[in-house]
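Numbering (my numbering), first residue to last: -9 to 382. The beta-carbon is built from N, C-alpha and C at its ideal position, and this holds for glycine as well. Worksheet: the structure to be examined is printed underneath.
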Amino acid sequence: MFGFQKKLTDWVDAGLIKESQRAAILAHEQKRKQNKFGRGLVAASIFSILIGTVSIIASNWHEIPGLVKIEAHFGLNLIVAVLLFWATLTNRDIVREGALLAFFGLTLTLIALMGQVFQLGGTLSGASVTWMVITLPAVAFFGRGYITAIPWMIGFLATITIVMSEYLTGLPDFWQMVFVLAIGTYLPLSLMADGNLALFRRLKPAYAAVFAWTGAALLTLNASVASFLWYNERWSVLADGTVEFGRFSLDQMWIVYGVFASVPAAVFVHAAFRRFYKDNAAMETGAVFALGSVIVLSAPFLLPSIESEIAAAVSFVVYWIFLGWIGQSLAYGRLISLAIFLIAARIFAVYVEVFGDMFSTGLGLIAGGGVMLFLLWLARKMNRHLRRRASA
């Protein structure tokens, strides 16, 4: 907050805003911070109550009859549901979000309890999917804030991970890779697309923001991790392998091509519906980010690979220079700082890895710094060219 106050003071001194505007902005931010603190305390309190309830029940768990456990849990869920409706009718936002969070968590424990009492013998993936399906209507109707948006997204991603780990292990290695690539590519893109829909942002701004940021974070993580795949050559394995479909056979590479080939088409088709989006300029930048990330993500699978530490490092550094340019275009200072830190760390790591001794490492760092300066100069020149074209 102190840095923000200094920035506002600099703007007043530069004549960009008036002192009254500075005071109004500070008052608005202070109120928002207070509400955020209150919501955080509510979430922490509800979490403490839930943990305490579970601890009390667990201490006498074996002495409680199964039906009594289920009836008591149903009663607790009913109380929370009544509180949720009451808070909605009386416009008590923090209470509503807290009650919804409690309902979201208690539903999971109720499913687990029923499975234990009746010995249903279900799977963890089945319980997780049932939990998300049952709670989806309540979350969709009552959810508004980050208190419930973030836990719901964590539960959603955890459910996908559990289902994948349970069902993909029985597939051949190639098909495991195909499903992981497809989900790792299209899930982040779908979250970003949904999170930027104007209707979604208008009805549920917190949920839309969580969708968009989660998608961007997942895509960034997947593309960054993919750069390390250059350490192991996989082109020859995919190029020589075939998949049998009855009497027909197909090269494995064509299936991998199919996973990534539809991404540019999907992005461009998505851009055609820009009227559904709130900010066209941000959407165009998001489309560039999506395409660049998918290119880095798919490169180790679509290009003839070589086992090279240099290729892995170059892929990582170029990608994060690209992300730094995205951050500069959108004025995201934290992304720029993160990009600079990761680029420097990766350059240092690769030259220690490749050269080893201090003299060679020093030469490598000097060369790497020079290459990075050249790439930054090239990026700035390209940025100025794009700005001139946009203003023309």
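How many angstroms separate the CA atom of residue i from the CA atom of residue j?
{"i": "valine 70", "j": "alanine 198", "result": "25 Å"}
{"i": "leucine 103", "j": "isoleucine 140", "result": "25 Å"}
{"i": "alanine 13", "j": "phenylalanine 75", "result": "38 Å"}
{"i": "isoleucine 316", "j": "phenylalanine 279", "result": "7 Å"}
{"i": "glycine 65", "j": "leucine 161", "result": "43 Å"}
{"i": "alanine 34", "j": "isoleucine 285", "result": "41 Å"}
{"i": "arginine 20", "j": "glycine 323", "result": "The sequence shown places glutamine at residue 20, rather than the arginine named in the question. Using only the alpha carbons, I get a separation of about 21 Å."}
{"i": "valine 170", "j": "valine 123", "result": "23 Å"}
{"i": "leucine 211", "j": "methionine 182", "result": "14 Å"}
{"i": "alanine 380", "j": "glycine 282", "result": "Low local confidence applies: a pLDDT of 49 at alanine 380 is under 50, so the model's placement there is unreliable, and no value is given."}
{"i": "valine 2", "j": "leucine 320", "result": "23 Å"}
{"i": "isoleucine 7", "j": "alanine 188", "result": "29 Å"}
{"i": "alanine 148", "j": "valine 200", "result": "15 Å"}
{"i": "phenylalanine 132", "j": "glycine 105", "result": "27 Å"}
{"i": "glycine 135", "j": "leucine 363", "result": "43 Å"}
{"i": "asparagine 81", "j": "glutamine 11", "result": "30 Å"}
{"i": "leucine 328", "j": "glycine 112", "result": "43 Å"}
{"i": "asparagine 222", "j": "serine 115", "result": "32 Å"}
{"i": "leucine 73", "j": "glycine 145", "result": "23 Å"}
{"i": "valine 215", "j": "isoleucine 84", "result": "38 Å"}
{"i": "histidine 63", "j": "alanine 196", "result": "30 Å"}
{"i": "leucine 193", "j": "valine 168", "result": "36 Å"}
{"i": "leucine 57", "j": "threonine 159", "result": "36 Å"}
{"i": "aspartate 184", "j": "phenylalanine 190", "result": "7 Å"}
{"i": "valine 307", "j": "alanine 335", "result": "10 Å"}
{"i": "aspartate 274", "j": "asparagine 186", "result": "Note on residue identity: the sequence assigns glutamate, not aspartate, to residue 274. Roughly 11 Å between the two C-alpha positions."}
{"i": "glycine 360", "j": "isoleucine 337", "result": "11 Å"}
{"i": "leucine 287", "j": "leucine 126", "result": "31 Å"}
Under 8 Å by Cβ, that's how I've got residue i and residue j pegged, so tell me the actual separation to the nearest angstrom.
{"i": "alanine 309", "j": "serine 217", "result": "For clarity, residue 309 is tyrosine in the given sequence; the question names alanine instead. That belief holds up - the Cβ atoms of tyrosine 309 and serine 217 are roughly 6 Å apart, short of 8 Å."}
{"i": "tryptophan 220", "j": "serine 298", "result": "6 Å"}
{"i": "alanine 303", "j": "valine 340", "result": "4 Å"}
{"i": "tryptophan 121", "j": "leucine 90", "result": "Actually they are not in contact, since the Cβ atoms of tryptophan 121 and leucine 90 sit about 14 Å apart, beyond 8 Å."}
{"i": "glycine 88", "j": "isoleucine 137", "result": "7 Å"}
{"i": "leucine 292", "j": "phenylalanine 250", "result": "6 Å"}
Just to confirm my understanding: we take residue i, look at its own chain, exclude 5 residues before and 5 after, and list those with CB closer than 6 Å. What are they?
{"i": "tryptophan 142", "result": "Val129"}
If you drop the 5 nearest sequence neighbours on each side, which residues of the same chain put their C-beta closer than 8 Å to that of residue i?
{"i": "isoleucine 173", "result": "Ile150 and Met154"}
{"i": "leucine -2", "result": "Ile7, Arg12, Ile15 and Leu16"}
Return the chain-ordered list of same chain residues with a C-beta closer than 7 Å to the C-beta of residue i, the five sequence neighbours on each side being excluded.
{"i": "glutamate 9", "result": "Val2"}
Using a threshold of 7 Å, is the CB atom of residue i nearer than that to any non-hydrogen atom of the ligand PLP?
{"i": "leucine 66", "result": "Ligands displayed in this structure: none; no statement on the ligand PLP is therefore possible."}
Please confirm if the stretch 203 to 222 is in contact with the stretch 172 to 180, defined as three or more CB-CB distances below 8 Å between the two stretches.
yes
Unbroken alpha helix (DSSP H) runs of length 4 or more, entirely within the stretch 55 to 86: which are they?
56 to 79
What are the complete alpha helix (DSSP H) segments, minimum 4 residues, inside the stretch 285 to 345?
299 to 320 and 323 to 344
Write down every uninterrupted run of the alpha helix (DSSP H) in the stretch 168 to 232 whose length is 4 residues or greater and which is fully enclosed by it, in chain order.
For secondary structure counted as the alpha helix (DSSP H) over 4 or more consecutive residues, the stretch 168 to 232 holds these complete runs in sequence order: 188 to 193, 195 to 216 and 225 to 230.
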